[in-house]
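Only one structure is covered here, and it is reproduced in the block below.
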Amino acid sequence: MRAVQAAMTEGQRVFLVTQKDVEQENPGIDGLYRMGIVANVKQVIKLQNDIVRILVEGTNRAEAYGYEDREDYVEAQILCYDSDDEEELPQQAQRAMVMAVQETFVKYARIHGKIGQDVLQKVGKTWELSKLLDYVGNNLPIRYSEKQKLLEAVSLTERHELLLGMLLQEIEVLAIKNDFQHKVQERVEKHQKEYVLREQMSLIKEELGENNTESDAENYESKLAGLDCSEEVRERIKKEINRFKGISANSSESTVSRGYIETLLELPWNKMSQDNRDLSHAEKVLDEDHYGLEKVKERMIEFLAVRNLTSKGESPIICLVGPPGTGKTSIARSIAKALDKKYVRVSLGGVRDEAEIRGHRRTYVGAMPGRIVAGLRTAGVKNPLMLLDEIDKVSSDYKGDTSAALLEVLDSEQNSKFRDHYVELPVDLSEVLFIATANSVQDIPKPLLDRMELIEVTSYTENDKFHIAKEHLLDKQLTKNGVKPSQLKITDKAMQDIIRFYTREAGVRDLERKLGEICRKAAKQIYQDKVKELRVTRSNLEDYLGKKKYRQDTKNKKDEVGIVRGLAWTSVGGVTLEIEVNVMPGKGELVLTGKLGDVMKESARAGISYIRSISEAYGIDADYFKEHDIHIHIPEGAVPKDGPSAGITMALAILSAVTEQRVRADIAMTGEITLRGRVLPIGGLKEKLLAAKNAGMHTVCVPKENEKDLDEISEEITEGMEILTVEHMDQVIKAAMRSNP
Ligand code: ADP
Numbered sequence: 033m034r035a036v037q038a039a040m041t042e043g044q045r046v047f048l049v050t051q052k053d054v055e056q057e058n059p060g061i062d063g064l065y066r067m068g069i070v071a072n073v074k075q076v077i078k079l080q081n082d083i084v085r086i087l088v089e090g091t092n093r094a095e096a097y098g099y100e101d102r103e104d105y106v107e108a109q110i111l112c113y114d115s116d117d118e119e120e121l122p123q124q125a126q127r128a129m130v131m132a133v134q135e136t137f138v139k140y141a142r143i144h145g146k147i148g149q150d151v152l153q154k155v156g157k158t159w160e161l162s163k164l165l166d167y168v169g170n171n172l173p174i175r176y177s178e179k180q181k182l183l184e185a186v187s188l189t190e191r192h193e194l195l196l197g198m199l200l201q202e203i204e205v206l207a208i209k210n211d212f213q214h215k216v217q218e219r220v221e222k223h224q225k226e227y228v229l230r231e232q233m234s235l236i237k238e239e240l241g242e243n244n245t246e247s248d249a250e251n252y253e254s255k256l257a258g259l260d261c262s263e264e265v266r267e268r269i270k271k272e273i274n275r276f277k278g279i280s281a282n283s284s285e286s287t288v289s290r291g292y293i294e295t296l297l298e299l300p301w302n303k304m305s306q307d308n309r310d311l312s313h314a315e316k317v318l319d320e321d322h323y324g325l326e327k328v329k330e331r332m333i334e335f336l337a338v339r340n341l342t343s344k345g346e347s348p349i350i351c352l353v354g355p356p357g358t359g360k361t362s363i364a365r366s367i368a369k370a371l372d373k374k375y376v377r378v379s380l381g382g383v384r385d386e387a388e389i390r391g392h393r394r395t396y397v398g399a400m401p402g403r404i405v406a407g408l409r410t411a412g413v414k415n416p417l418m419l420l421d422e423i424d425k426v427s428s429d430y431k432g433d434t435s436a437a438l439l440e441v442l443d444s445e446q447n448s449k450f451r452d453h454y455v456e457l458p459v460d461l462s463e464v465l466f467i468a469t470a471n472s473v474q475d476i477p478k479p480l481l482d483r484m485e486l487i488e489v490t491s492y493t494e495n496d497k498f499h500i501a502k503e504h505l506l507d508k509q510l511t512k513n514g515v516k517p518s519q520l521k522i523t524d525k526a527m528q529d530i531i532r533f534y535t536r537e538a539g540v541r542d543l544e545r546k547l548g549e550i551c552r553k554a555a556k557q558i559y560q561d562k563v564k565e566l567r568v569t570r571s572n573l574e575d576y577l578g579k580k581k582y583r584q585d586t587k588n589k590k591d592e593v594g595i596v597r598g599l600a601w602t603s604v605g606g607v608t609l610e611i612e613v614n615v616m617p618g619k620g621e622l623v624l625t626g627k628l629g630d631v632m633k634e635s636a637r638a639g640i641s642y643i644r645s646i647s648e649a650y651g652i653d654a655d656y657f658k659e660h661d662i663h664i665h666i667p668e669g670a671v672p673k674d675g676p677s678a679g680i681t682m683a684l685a686i687l688s689a690v691t692e693q694r695v696r697a698d699i700a701m702t703g704e705i706t707l708r709g710r711v712l713p714i715g716g717l718k719e720k721l722l723a724a725k726n727a728g729m730h731t732v733c734v735p736k737e738n739e740k741d742l743d744e745i746s747e748e749i750t751e752g753m754e755i756l757t758v759e760h761m762d763q764v765i766k767a768a769m770r771s772n773p
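Basically the numbering used here = 1-based index in the sequence shown + 32.
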């Protein structure tokens with residue numbers, strides 16, 4: 033600082049050198065380079081804390097050859113080098129040297145990448161060699177010691193050589209450095225690139241719908257990890273997944289394999305739901321959902337109690353038997369609800385092929401598991417309530433024995449290891465609660481029947497239907513059709529008419545359909561015509577349901593000869609049948625018309641034989657039957673009729689025709705007849721009595737042996753009717769004929 037102050041007073045020139053070691057605080061004269069520069073001090077700025085900043089401009093190189101210690105500073109004796117002192121170089125050589133420096137510097141700048149544009153431009157424009165060398169040297173980011181070398185190189189040739197050498201070396205170093213960087217970067221970039229490409233590839237595949245087997249397999253594997261199943265099953269699925277991985281995604285085999293894996297993964301191997309064992313809860317649910325059916329409900333509750341007390345395998349399988357629409361399916365559903373069980377329905381109607389129950393082998397095209405396993409898959413738990421609907425409608429043909437397959441399903445000894453052809457692994461059915469339904473007992477294959485406990489669901493009386501309709505069906509249909517209870521009212525009388533004149537069935541299915549029809553019409557009126565409230569009465573019922581469909585069976589007005597009313601049981605419940613007999617002169621032939629089955633025809637012959645055997649008592653000639661033809665006809669020929677239970681009816685009609693005595697119009701009868709006139713029991717008593725009651729009969733003759741059934745028939749049916757239990761035809765004749773011999 034003192035040197036600067038001194039310089040400022042005389043000529044403002046200073047001599048500047050660098051010290052050899054930058055780190056040294058007090059280098060002394062020996063620690064300094066000899067070659068430095070002479071510079072003009074342009075500006076001195078005093079800052080705080082005794083700091084002075086000076087701006088200098090170098091003018092020449094100078095070499096110190098001696099130092100003189102003044103009190104405040106050191107003075108140097110120097111030898112100045114001037115540009116005038118520089119050697120004389122030929123013009124061409126100078127130009128060549130300039131160009132060499134310029135070109136090399138451009139190269140260097142390019143490879144370095146961070147040299148400013150202004151520097152480059154300046155270099156390009158400087159044609160004086162000495163200046164160019166100094167300028168470039170100044171702007172090269174190199175170490176001090178290197179720069180010192182440049183400073184010390186006094187002659188142009190020397191300096192030029194040195195600078196060019198440095199530039200080239202730097203270029204080399206930078207090139208190597210860049211190469212390294214590049215290589216490292218390349219390696220990093222390759223990884224990055226691969227990652228991005230892979231991501232893109234999976235996206236493209238997804239977009240194209242080319243399911244990548246790999247991700248599916250992974251998906252299956254993760255599902256398998258979460259599956260609760262036995263080791264055997266796990267191994268099997270694992271094997272299949274591995275196989276799947278090896279198959280091309282587009283092959284049909286892959287679809288098969290996929291279906292198989294998915295089926296296995298979805299089966300509830302060990303998954304169970306918790307049962308509700310509370311019987312009073314079950315009772316409540318059953319009562320809420322169904323009107324009447326007391327016996328059925330009671331049996332069901334008993335059955336559930338037994339099930340709670342014993343182990344599952346010991347309780348027999350329940351089979352609900354009864355005409356269609358009597359609530360069998362719906363009771364089963366209620367039981368599932370009461371027990372908090374999953375409910376699945378397996379429809380067996382029309383199943384003829386064993387494979388529908390046991391599944392197809394996977395080698396078949398479109399192979400599937402059987403209905404039982406499919407049901408289990410739908411249920412999602414291994415202990416659902418499975419309804420085997422219409423078990424009486426299975427049949428066997430050449431494709432194997434369906435009932436044998438069902439037997440295996442229902443047999444508690446075997447069903448813990450049920451083998452489905454498709455699944456190929458034992459499936460445990462022992463936790464499933466099976467309930468079967470059937471329309472008639474006769475059609476259930478015998479071996480199956482042995483495994484089941486039958487609960488009979490009988491037809492409903494008019495009163496039952498009335499209550500069911502009012503308390504259950506109407507509400508159901510209203511909700512289904514979006515009509516509020518306040519918007520549609522059906523009067524009791526109208527309801528009775530619907531039951532009587534628009535339906536003829538044992539159950540309530542048609543009735544429900546009719547109510548649905550009314551609700552739909554009402555919905556239209558409410559929505560379109562903005563009607564607020566509708567009342568369906570007896571008088572406007574036809575607007576909703578059209579003309580009456582059925583007429584009531586009614587008893588004939590007067591007693592007639594040769595006409596007797598019988599009772600029959602059909603799939604839609606009981607009906608009354610009018611049997612007519614005509615006798616005309618002929619050759620002793622028997623003519624039967626009205627679509628009668630074989631059993632009925634034989635029953636008619638038995639009747640004639642019996643009447644012939646007793647005709648003498650009625651004063652009829654022995655030859656009478658040789659000289660007359662007897663014609664028996666049962667109207668409503670569209671309905672096939674069969675069975676022996678019209679025996680006594682036909683016999684009585686023949687007797688009446690032959691003896692020309694009238695039969696009471698208000699009596700109906702049912703019973704099989706033997707050659708000796710004994711009356712044998714019949715089935716479907718309840719339905720038959722119901723039909724008699726509806727037709728307004730006063731007296732009904734039923735076989736004595738059916739007396740036990742009478743106890744089970746409610747008062748509602750028998751009320752107002754005289755029920756005669758008969759053992760012999762004599763009793764029938766006595767009750768039905770106005771005048772006896
Ligand atoms: P099934 O299986 O015997 O042929 P469904 O169970 O299908 O008959 O019954 C037909 C319809 O009648 C169902 O909507 C059912 O809810 C109803 N139903 C039958 N019986 C009753 C009843 N006792 N109480 C209430 N609804 C009943």
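Glycine included, every Cβ here is placed at the ideal spot set by N, Cα and C.
7 Å Cβ cutoff met for residue i and residue j
i	j	result
Arg-552	His-453	no
Arg-309	Asn-340	yes
Leu-420	Leu-480	no
Val-317	Ser-366	yes
Leu-505	Val-265	no
Leu-622	Ile-662	yes
Ile-269	Leu-296	yes
Arg-403	Glu-388	yes
Phe-657	Gly-620	yes
Lys-369	Val-489	no
Val-711	Ala-724	no
Exposure of residue i, with buried meaning 16 or more beta-carbon neighbours within 10 Å
i	result
Phe-466	buried
Glu-704	buried
Phe-212	exposed
Thr-511	exposed
Thr-41	exposed
Lys-720	buried
Ile-83	exposed
Thr-597	Sequence check: residue 597 is Arg here, not Thr. Looking at its Cβ environment, which holds 16 or more other Cβ atoms inside 10 Å, Arg-597 is buried.
Ala-406	buried
Ser-435	buried
Lys-74	exposed
Gly-605	buried
His-192	buried
Asp-775	Because the chain is modelled from 33 through 773, residue 775 falls outside the range shown and cannot be assessed.
DSSP-derived helix/strand/coil call for residue i
i	result
Ala-468	strand
Ile-77	strand
Gln-123	helix
Gly-548	helix
Lys-673	strand
His-499	helix
His-660	strand
Ile-652	coil
Gln-44	coil
Arg-541	helix
Asp-424	helix
Lys-521	strand
Gly-156	helix
Ala-555	helix
Contact between the segment 319-338 and the segment 274-292 (3+ Cβ pairs under 8 Å): no
- prompt: Quick check: the segment 661-670 against the segment 694-705, are there 3 or more CB pairs under 8 Å?
  reply: no
field: the segment 554-568 / the segment 652-661 touching (three or more Cβ pairs under 8 Å)
entry: no
message: Three or more C-beta pairs under 8 Å: does that hold for the segment 636-650 against the segment 681-695?
response: yes
message: Check whether the segment 471-480 and the segment 511-531 touch, using three or more Cβ-Cβ pairs below 8 Å as the test.
response: Cβ pair count under 8 Å is below three, so no.
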